[in-house]
Amino acid sequence: MTNATKPDEETEMETVTSADGTEIAYERSGSGPPLVLVHGAMFDRSIWEIGDVRSTLAEHTTVYAIDRRNHGDSASADDCSPDAQIADVVAVVESIDDPVHLLGHSSGANYALWAALRTDNIRSVIPHEPAAPPDEDIRAVLKETMEKTIALIEQGQNEQALTMVLNDFVDIAPDELTELRSSPVWDAHVDTFHQTLLPELEGAGEFDWWDLTPFEELSTPTLLPVGSESSHKRMAERLHEMLPNSQLATVEGYGHFVHIVAPDRYTDEVLSFISEVD
């Protein structure tokens, strides 16, 4: 269940202008080495409130929790392409004085990884299970997902649509879905998730997610958290094989959303790695 921000915790909303002029909002809290958080699809920065992940990390770091374009407090934009989203992450990272630890989940992990190639202001990168499209024709898979989602939305079955995407496309574990459903994050996004997801899926089909050759020379310290039961761990495992300075952190018994069902184990892994790197 999501817990409220601790009363004595100070947070501040700030914005940065991305390369195409889009205003990207982020919530800053805590003190210590800078840690930028990039959420995945469908939800916004509030996903990090489940299990007090953000506030726990903010006890040891200065957390910058991004709202991706078209999400939360960030501005709307017609361009939802991967290149635009990567540029947004770079803009936030380069607005911070000190080199940052950059953590992203799911598609947010993809954007964090690519951002690490486009800016020098990186201390480490923590891609939590980068989105790994199926090996078959990604465009066909995305098209089918979009068509099913649109059909349910048009019938007014928003909650069924969100559940379908999480079950069929994300392959969410039952306990993870239960945790999401019981949190304010679910109620806040059940009627709006498709407004951000569908444009992102359309843009994602034009990007070769499995071309990992640009990362062969990435020497930045890298932590790759994965759930042992997740169907999305393949890309992280491949990255671990090729990245010369990477660690694979497998959390046994959990899936793609390990951070919301085992937040203490998750934050321990992240903070231990940051302490080791610093």
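UniProt numbering applies: residue 1 is where the sequence shown begins, and numbers increase by one.
All C-beta atoms, glycine included, are put in the ideal place defined by N, C-alpha and C.
*Do three or more CB pairs link the region 269 to 277 to the region 211 to 227 at distances below 8 Å?*
yes
_For residue 249, three-class secondary structure by DSSP_ = strand
*Within the same chain, show all residues whose beta-carbon is closer than 7 Å to that of residue 244, passing over the 5 residues directly before and after it, in chain order.*
219
*Quickly, what does DSSP pair residue 28 with across the bridge? List them, please.*
12, 64
*asked:* Here's the rule I'm using: 16 or more other beta-carbon atoms within 10 Å means buried, otherwise exposed. How should residue 196 be labelled?
replied: buried
*Alpha carbon to alpha carbon, how far is residue 21 from residue 75? Give it in angstroms, no decimals.*
10 Å
*Excluding sequence positions up to five away, which residues of its chain have a Cβ less than 8 Å from the Cβ of residue 154?*
none
*Can you give me the start and stop residues for the alpha helix (DSSP H) that residue 18 sits inside?*
Element bounds for residue 18: n/a, residue is neither H nor E.
*asked:* Whether or not the region 59 to 77 and the region 13 to 33 are in contact is what I'm after, with contact meaning three or more pairs of Cβ atoms, one per stretch, closer than 8 Å; do they touch?
replied: As far as the Cβ criterion goes, the region 13 to 33 touches the region 59 to 77, which means the pair count is three or higher.
*Provide the residue span of the beta strand (DSSP E) that contains residue 189, from first to last.*
Per DSSP, residue 189 belongs to no beta strand (DSSP E); it is in the alpha helix (DSSP H), 184 to 189.
*Are there 16 or more other CB atoms within 10 angstroms of the CB of residue 14, so buried, or fewer, so exposed?*
exposed
*Return the bridge partner residues of residue 275 from the DSSP annotation.*
Its beta-bridge partners do not exist; DSSP assigns none.
*Own chain partners of residue 6 with C-beta closer than 6 Å, once the 5 adjacent residues on each side are dropped*: Bear in mind that a pLDDT of 41 at residue 6, under 50, signals an unreliable position, so the number given afterwards is only what the model happens to contain. Excluding residues within five positions, the ones whose Cβ falls inside 6 Å are 55.
*DSSP three-state call for residue 118: helix, strand or coil?*
coil
*asked:* Shorter than 8 Å, the distance from the beta carbon of residue 84 to the closest heavy atom of the ligand COA, or not?
replied: Ligands displayed in this structure: none; no statement on the ligand COA is therefore possible.
*asked:* For residue 224, report the span of its beta strand (DSSP E) as first-last.
replied: Element bounds for residue 224: 222 to 227.
*Could you name the residues of the same chain whose beta carbon sits closer than 7 Å to that of residue 32, not counting the 5 residues immediately before and after it, in chain order?*
Closer than 7 Å at Cβ, skipping near neighbours: 60, 61, 62.
*Among 121, 106, 265, which residue has its Cα nearest to the Cα of residue 95?*
121
*Mind reading off the beta-carbon distance from residue 88 to residue 69? Whole number of angstroms is fine, and I expect it under 8 Å.*
6 Å
*asked:* Using C-beta distances below 7 Å, list every residue in its chain close to residue 265, excluding the 5 sequence neighbours before and after it, in chain order.
replied: 251
*Under 8 Å by Cβ, that's how I've got residue 46 and residue 204 pegged, so tell me the actual separation to the nearest angstrom.*
Not really, about 22 Å apart at Cβ, beyond 8 Å.
_Taking the alpha helix (DSSP H) that residue 256 belongs to, which residues open and close that run?_
Premise fails: residue 256 is in no alpha helix (DSSP H) and is neither H nor E.
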